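Following: one structure in structure tokens, then a few remarks.
Numbering (the numbering used here), first residue to last: 1 to 432.
Here it is, written out as structure tokens:
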């Protein structure tokens, strides 16, 4: 998860903070309690196996597009549970596991992330996301067999969420075609035993290179065109620009060079920037204002400017029907629900998926003294308490998925709310 902003952490012994709760849900039982109970029993029987799988992934952190160990152990695990598995699906470390029962029916999609972060391992808890996807797929498959439910469950192993936009690539290559909805979840700080249904920030990555001309920094500096100066000016320009950006926007970056020495005017510098905003449309408006800062720096220093736009990810469009069902189940079975914590100020490539088909991406709080992308979060992602929070959310998602497969009216509502949201965001984009 591309991290930004800050949030409340679940500290040991903390009773939680006030939440913006869902207050308009009906009292009573959840949809088909027998399905929920079967899912709960199934995952209870697999609890230790899933915990060991999570620990194995956590103990072998792998960077984007290098998740070979995770690929192998996850595919072997789901294959033992009767799934038809395709290894190295579309991307080297991506994979897909599918189970179909009966004829006709709908198709439920589920995602498992796998990658870690440089230097700090699973500081975003993708080991938990990996087993959550596995848990949901196995629990749904088991219920389909016991209750003779027609349909399919498709579990995608998706690499390179951290900076590689693996899901966006898989989406473009057709990996999500045929799904009626797609589910996944994410760990985050937050009030104890809570879930969050927040959105996230859309993100555009920008890579800019400045090319100038070397010169002796003392003897004849007037002969040079200073690429380092261009980078410094661009950084300063953006710092000034932030005053005119909305508080909800984020622009942050770094610069680097090669063969730099203090007595030589640098002829090359490179910068990587992230531009974030609450929606894709707002990012598209903000990006030209940022690129103007690069162009101005090049003009002022006489350096050439090369700009590359890469890895755009969108905001999360939480499907209302799916998120209301999630809130209903979680509130009645596990704990409070909010829209303020989770990954509200971060970004994920699953946002791209939510623009194409009905999708859900809740967060679940784990006990941590640091936010995502910190060593403290790496440590927290391996604890038994975090595992239990992950299983609670996996049970919830499994119940949602089974309702999608068995309840025609609910499935139609999911589709309708997706279409309504699509119209709203297209209208907002036209006004941006």
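Virtual Cβ for every residue (Gly too), placed ideally from N, Cα, C.
Please read all numbers here as calculations on a predicted model, not as lab measurements.
What whole-angstrom Cβ distance do residue i and residue j have, given they're in contact under 8 Å?
{"i": "residue 348", "j": "residue 161", "result": "6 Å"}
{"i": "residue 212", "j": "residue 302", "result": "7 Å"}
{"i": "residue 75", "j": "residue 64", "result": "At roughly 18 Å, the Cβ-Cβ gap does not stay under 8 Å, so residue 75 and residue 64 are not in contact."}
{"i": "residue 43", "j": "residue 394", "result": "6 Å"}
{"i": "residue 113", "j": "residue 158", "result": "6 Å"}
{"i": "residue 314", "j": "residue 280", "result": "5 Å"}
{"i": "residue 410", "j": "residue 298", "result": "Not a contact, Cβ separation roughly 55 Å."}
{"i": "residue 270", "j": "residue 257", "result": "7 Å"}
{"i": "residue 345", "j": "residue 201", "result": "6 Å"}
{"i": "residue 357", "j": "residue 179", "result": "6 Å"}
{"i": "residue 214", "j": "residue 131", "result": "Not a contact, Cβ separation roughly 52 Å."}
{"i": "residue 137", "j": "residue 97", "result": "7 Å"}
Considering only C-alpha positions, which residue in the set the options is nearest to residue i?
{"i": "residue 486", "options": "263, 330, 194", "result": "Residue 486 is absent from the structure shown; the chain starts at 1 and stops at 432."}
{"i": "residue 187", "options": "226, 398, 122, 136", "result": "122"}
{"i": "residue 306", "options": "231, 316, 325", "result": "231"}
{"i": "residue 273", "options": "397, 360, 204", "result": "204"}
{"i": "residue 184", "options": "416, 390, 309, 219", "result": "390"}
{"i": "residue 34", "options": "89, 375, 147, 290", "result": "147"}
{"i": "residue 129", "options": "353, 145, 111, 352", "result": "111"}
{"i": "residue 377", "options": "97, 116, 421", "result": "116"}
{"i": "residue 192", "options": "364, 405, 374, 60", "result": "364"}
{"i": "residue 320", "options": "175, 342, 69, 199", "result": "199"}
{"i": "residue 236", "options": "291, 225, 258", "result": "291"}
{"i": "residue 417", "options": "57, 360, 239", "result": "360"}
{"i": "residue 181", "options": "151, 172, 201, 208", "result": "151"}
{"i": "residue 46", "options": "29, 293, 135, 32", "result": "135"}
{"i": "residue 352", "options": "170, 259, 308", "result": "170"}
{"i": "residue 438", "options": "343, 431, 384", "result": "This structure does not reach residue 438, given that the chain is present from 1 up to 432, and the question cannot be answered."}
I need the straight-line Cα distance from residue i to residue j, nearest angstrom please.
{"i": "residue 101", "j": "residue 154", "result": "12 Å"}
{"i": "residue 262", "j": "residue 228", "result": "11 Å"}
{"i": "residue 22", "j": "residue 322", "result": "Here the model assigns residue 22 a pLDDT of 47, short of 50, so the residue's position is not dependable and the matter cannot be decided."}
{"i": "residue 39", "j": "residue 425", "result": "35 Å"}
{"i": "residue 392", "j": "residue 177", "result": "28 Å"}
{"i": "residue 26", "j": "residue 50", "result": "Unreliable positioning characterises residue 26 in this predicted model, as indicated by a pLDDT of 44, which lies under 50. The coordinate reading is nonetheless provided below. Answer to the nearest angstrom: the Cα atoms are 33 Å apart."}
{"i": "residue 332", "j": "residue 197", "result": "16 Å"}
{"i": "residue 12", "j": "residue 367", "result": "Because residue 12 carries a pLDDT of 38, less than 50, the predicted location of this residue cannot be relied on, and no value is offered for it."}
{"i": "residue 382", "j": "residue 54", "result": "8 Å"}
{"i": "residue 41", "j": "residue 77", "result": "19 Å"}
{"i": "residue 189", "j": "residue 250", "result": "20 Å"}
{"i": "residue 403", "j": "residue 126", "result": "26 Å"}
{"i": "residue 246", "j": "residue 104", "result": "48 Å"}
{"i": "residue 422", "j": "residue 355", "result": "8 Å"}
{"i": "residue 84", "j": "residue 242", "result": "50 Å"}
{"i": "residue 61", "j": "residue 388", "result": "21 Å"}
{"i": "residue 311", "j": "residue 370", "result": "27 Å"}
{"i": "residue 217", "j": "residue 268", "result": "15 Å"}
{"i": "residue 24", "j": "residue 405", "result": "With a pLDDT of only 43 at residue 24, under 50, the local geometry of the prediction cannot be trusted, and the value read off the model is given with reservation. Whole-angstrom Cα-Cα distance: 25 Å."}
{"i": "residue 362", "j": "residue 133", "result": "13 Å"}
{"i": "residue 156", "j": "residue 386", "result": "23 Å"}
{"i": "residue 414", "j": "residue 283", "result": "27 Å"}
{"i": "residue 166", "j": "residue 318", "result": "20 Å"}
{"i": "residue 145", "j": "residue 80", "result": "16 Å"}
{"i": "residue 58", "j": "residue 92", "result": "20 Å"}
{"i": "residue 208", "j": "residue 225", "result": "16 Å"}
{"i": "residue 427", "j": "residue 220", "result": "57 Å"}
{"i": "residue 30", "j": "residue 329", "result": "6 Å"}
{"i": "residue 429", "j": "residue 285", "result": "10 Å"}
{"i": "residue 240", "j": "residue 293", "result": "10 Å"}
{"i": "residue 374", "j": "residue 327", "result": "28 Å"}
{"i": "residue 338", "j": "residue 325", "result": "14 Å"}
{"i": "residue 32", "j": "residue 140", "result": "14 Å"}
{"i": "residue 173", "j": "residue 36", "result": "34 Å"}
{"i": "residue 118", "j": "residue 106", "result": "39 Å"}
{"i": "residue 287", "j": "residue 275", "result": "7 Å"}
{"i": "residue 295", "j": "residue 308", "result": "13 Å"}
{"i": "residue 407", "j": "residue 143", "result": "14 Å"}
{"i": "residue 82", "j": "residue 99", "result": "8 Å"}
Mind checking who residue i pairs with in its DSSP beta bridge?
{"i": "residue 306", "result": "209"}
{"i": "residue 256", "result": "270"}
{"i": "residue 40", "result": "In DSSP, residue 40 forms no bridge with anything."}
{"i": "residue 151", "result": "101, 106"}
{"i": "residue 203", "result": "276, 313"}
{"i": "residue 264", "result": "216"}
{"i": "residue 85", "result": "97"}
{"i": "residue 187", "result": "364"}
{"i": "residue 48", "result": "Note: residue 48 sits in no beta bridge, so no partner."}
{"i": "residue 225", "result": "213"}
{"i": "residue 196", "result": "338, 363"}
I'd like to know if residue i contacts chain D, where contact means its C-beta is closer than 8 Å to some C-beta of that chain.
{"i": "residue 95", "result": "Of the chains in the structure shown, none is chain D; there is only one protein chain."}
Note to self: Give the list of continuous beta strand (DSSP E) stretches no shorter than 3 residues that lie fully inside the stretch 154-183.
What the structure shows: Entirely contained in the stretch 154-183, the beta strand (DSSP E) runs reaching 3 residues are, in chain order, 181-183.
Check: Which ranges does the alpha helix (DSSP H) cover as unbroken runs of at least 4 residues, wholly within the stretch 277-354, from first to last along the chain?
Finding: Whole alpha helix (DSSP H) segments, 4+ residues: 280-301, 320-333, 350-354.
Next item on the list: List in chain order: all unbroken beta strand (DSSP E) runs of 3+ residues lying wholly within the stretch 102-145.
Entry: For the stretch 102-145, the continuous beta strand (DSSP E) assignments of 3+ residues that do not extend past its boundaries occur at 106-113, in sequence order.
Notebook entry, point to check: At what residue ranges does the stretch 350-422 contain a whole run of the alpha helix (DSSP H), taking only runs of 4 or more?
Noted result: Every alpha helix (DSSP H) of 4 residues or more that sits fully in the stretch 350-422 is shown, in chain order, as 350-354, 375-380, 384-406.
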